Amino acid sequence: MRLLAALSAACLCSAAALAELPGEAAAALTTFRADGARGWAYTQTTVDAGRKTIERFDPGRPEFVRWTLVEKDGAAPPAPELQHYRERKARRVLTAGLPPLKDQLDLDTAELLEETPARWRYRFHVKPGGGDDRAAAHLRATLTISKAAAAVETFALENIEPFSPAFFIKIEAMRTVMTYSLPTAVEPSHLLRVEAHVRGRAVLKSLEQDVVVTYSDFEQARIRKE
Numbered sequence: 005m006r007l008l009a010a011l012s013a014a015c016l017c018s019a020a021a022l023a024e025l026p027g028e029a030a031a032a033l034t035t036f037r038a039d040g041a042r043g044w045a046y047t048q049t050t051v052d053a054g055r056k057t058i059e060r061f062d063p064g065r066p067e068f069v070r071w072t073l074v075e076k077d078g079a080a081p082p083a084p085e086l087q088h089y090r091e092r093k094a095r096r097v098l099t100a101g102l103p104p105l106k107d108q109l110d111l112d113t114a115e116l117l118e119e120t121p122a123r124w125r126y127r128f129h130v131k132p133g134g135g136d137d138r139a140a141a142h143l144r145a146t147l148t149i150s151k152a153a154a155a156v157e158t159f160a161l162e163n164i165e166p167f168s169p170a171f172f173i174k175i176e177a178m179r180t181v182m183t184y185s186l187p188t189a190v191e192p193s194h195l196l197r198v199e200a201h202v203r204g205r206a207v208l209k210s211l212e213q214d215v216v217v218t219y220s221d222f223e224q225a226r227i228r229k230e
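In case it helps, the numbering used here puts the sequence shown at residues 5 to 230.
Spelled out as structure tokens, the structure:
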């Protein structure tokens, strides 16, 4: 799933471009968080290449122990695997800090694909994250926005043509779709599901990736020391 983070890039959101969108759509983009609301614990279930991993994230715990490996391939993980898991997660915390996914959007390129009484569907070009970004020009982002809730329902990122993000890697097809709950009076919008598919070649091998990640059991975190 971290393929999504690798594709994230920094940019400045244009206030002028937001002003050209309908009020509810601009509000949805302003408050949108691709990874869901802060301050909420959840269970993450990942299915990748037929293997299933269940993890629990609790932001109320100290930073380096917020993730817990609950189950792997239908069984509780043994102690050595738990230790390796904690060390690997700790290293990820140290290298965290990529910019928000919404900051990839080039708001000046907003294209209204569809409008119904309930929602809009917009497509955007993707801004490069730097001079060495070889992917952005080949990608498009499509957002479905709820009018009533002024919130993003889906965020899709896909390529419009084959591209090579790195030497010896050729991506023929890539599509990632993130689905969100709508906010209520008592709960914010949550990331519910991420579905990612990649087809291409890496060196002389075929590259195929199909990953589905679901999020459930949301609870507002309570700060505690351990």
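For glycine and all other residues, C-beta sits at the position ideal for the given N, C-alpha and C.
Since the model is a prediction, treat every value here as computed from it, not as a measurement.
query                                                                                                    : result
Contact belief for Val202 with Gln213 at Cβ below 8 angstroms, rounded distance in angstroms             : 4 angstroms
Residue interval of the beta strand (DSSP E) (run including Gly27)                                       : Not the beta strand (DSSP E): Gly27 falls in the alpha helix (DSSP H), residues Gly27 to Thr35.
The beta strand (DSSP E) enclosing Glu119, as first and last residue numbers                             : Leu109 to Glu119
Whole-angstrom distance between His129 and Lys106, CA atom to CA atom                                    : 12 angstroms
Residues near Ala122 in its chain [Cβ-Cβ closer than 8 angstroms; skip 5 each side]                      : Ser150, Lys151 and Ala152
Nearest-angstrom Cα separation, counted from Thr49 out to Val217                                         : 6 angstroms
Where the beta strand (DSSP E) through Ser185 begins and ends                                            : No beta strand (DSSP E) contains Ser185, which DSSP labels as neither H nor E.
Distance CB(Ala154)-CB(Arg127) smaller than 9 angstroms                                                  : no
Reference Ser220; option with closest CA among Gly27, Asp62, Ala31 and Ala30                             : Asp62
Where Pro192 falls, given that 16 or more other Cβ within 10 Å makes a residue buried                    : buried
Member of Ala31, Ser168 and Thr57 whose CA lies at the smallest distance from the CA of His142           : Ser168
Cα-Cα separation between Tyr89 and Leu73, rounded to whole angstroms                                     : 7 angstroms
Length-filtered (3 minimum) beta strand (DSSP E) runs lying within the region 168 to 221                 : 173 to 184 and 195 to 206
Same chain only: Cβ atoms within 6 angstroms of Leu211, ignoring 5 sequence neighbours per side          : Gly204 and Arg205
Member of Val190, Glu176, Lys174 and Thr148 whose CA lies at the smallest distance from the CA of Met182 : Thr148
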